[in-house]
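When the letters of the sequence shown are read in order and numbered with the UniProt record's numbering, they come out as residues 1 to 339.
From the three backbone atoms N, C-alpha and C, an ideal C-beta is built for every residue, glycine too.
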Amino acid sequence: MILLFLAPSPHWQRLDNGRLIASGDGLPPADAAAPLVVAVPGEAVALHWLDLPELAPAQAAAAARLMLGEALAEADPHIVVAPGSGPRAVAVTARSAMAGWLAELAGTGLSPAALVPEPLLLPAPAAGFAVRQAGGRVVARSASMGFAVEADLAAMLIGDAGTSPASFTLPDPLPLNLLAGDYAPISRWQPPPGLARRLGLLAAALAGLWLAGDVAALVQAKRAASAATADAQAIATSLVPAGSDDPVAALTALARQRGADGGLGAIAGPVVDAIAARPGAALASLRYTPSAGLVAGVAGGAGEAQALAQALTSAGLAASAGATRATADGSDTPVTVTR
């Protein structure tokens, strides 16, 4: 697991069963095998403690909104309530802050599993405040408060309460995850390996039926019976422009141009195979035109999309990754594939 702190400047730790095995400054390299937990700045999250019954997440957020009332700094903030019942933490964050964090991470190919307010990574003390100070910045937490402020303001907020130095820890389970509600990750379908080839063949078959419908089925049946060459010639003549020397050949060329005759199937099969082989990638969208080829929207970050394009190129297709755009649940990168 990777724990990334965004404040006071980005730095990260790689943990193995709670043991620190690596660390560094800046943003960490993308690693689909290691879940990424991001500690967002306490200055950007208002933490409250409210006594609420056990409710569904959306109901708990609505109840917290009503209870906080005029204490909310803006009309439509993002509100997340910690799981459980009784007095518990409620995080209030500006939607612009959420969008900014997600866009920054998506721009470097990072897809977080959780966003946690920084003060909640300090242990909750039985009394007083647990404090982590770095330079003039103080992160503090008590049983019913949590904040990150400058040292002089922290002294005013803490007052006469006792303090004890503390270090950040990554509790299991997490106390609260801001990736909820409108920002909850969307569960994307991952095809089983055995189904990938069948999906490609099905896509090709559907393309053929879409193009020719009952006429194509009739022509194929007549050919299989080896007794209707004249019928096939007549049907093809009715489907292609007048004046064609070989109507059957002209109809075949038209089918190939529109994506039938293996065009879509030859692309779709390897694309689905390649996505199934990459646990960090998921298929967000899919569209096909004969002129532009197949465009797969890949979730999982720019790194996954680039790796997918390279795998398809190695398989003999022409593939390129486009510009990554941030979405509510991460990112979406188009990968264009042609024969």
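Query: V219 versus V335: straight-line alpha-carbon distance, rounded; Result: Summary for V219: the model assigns pLDDT 45, below 50, so the residue's position carries little reliability, and this model does not support an answer.
Query: Closest by C-alpha distance to A97, when choosing among G42, G301, L176, I21; Result: G42
Query: Start-to-end residues for the alpha helix (DSSP H) that takes in L312; Result: 302-314
Query: Of the residues A56, L52, L110, the one placed nearest L27, counting alpha carbons only; Result: L110
Query: Cβ neighbour criterion (16 or more within 10 Å) applied to D332; Result: buried
Query: One or two residues paired with T324 in a DSSP bridge; Result: T324 pairs with nothing; no bridge assigned.
Query: CB contact flag (L47, A89, <9 Å); Result: yes
Query: Reduced DSSP category for A89 - H, G, I as helix; E, B as strand; rest coil; Result: strand
Query: Whether F168 touches L122 by CB criterion (9 Å); Result: yes
Query: Euclidean distance between Cα positions of I267 and L317; Result: 8 Å
Query: Under the three-state DSSP convention, the category P165 falls into; Result: strand
Query: For P334, the three-state DSSP class (helix, strand or coil); Result: strand
Query: Distance between G135 and I158 (C-alpha atoms, nearest Å); Result: 18 Å
Query: For Q13, the residue or residues it bridges with in DSSP; Result: L3, S23
Query: Touch test, the stretch 174-186 against the stretch 139-150, Cβ-Cβ under 8 Å, three pairs minimum; Result: no
Query: Alpha-carbon to alpha-carbon, D160 and T108; Result: 44 Å
Query: For G303 and V295, the rounded distance between their alpha carbons; Result: 17 Å
Query: Rounded C-alpha distance that separates T313 from A319; Result: 6 Å
Query: DSSP bridge partner residues for W49 (one or two, in chain order); Result: A89
Query: Segment limits, alpha helix (DSSP H) that includes A63; Result: 57-68
Query: A44 vs L52 beta-carbon contact at 9 Å; Result: no
Query: Boundaries (first-last residue) of the beta strand (DSSP E) holding I79; Result: 78-81
Query: Residue from L202, V80, A127 with nearest C-alpha to D182; Result: V80
Query: Residues sharing a beta bridge with G297, DSSP; Result: S285, P334
Query: Residue from T289, A307, A323 with nearest C-alpha to G280; Result: A307
Query: For L120, three-class secondary structure by DSSP; Result: helix
Query: Nearest neighbour of P117, chosen from T327, R14, D25, V38 [CA to CA]; Result: V38
Query: Proximity winner among R339, M1, G100, G24, relative to P10 (alpha-carbon distances); Result: G24
Query: For E74, three-class secondary structure by DSSP; Result: coil
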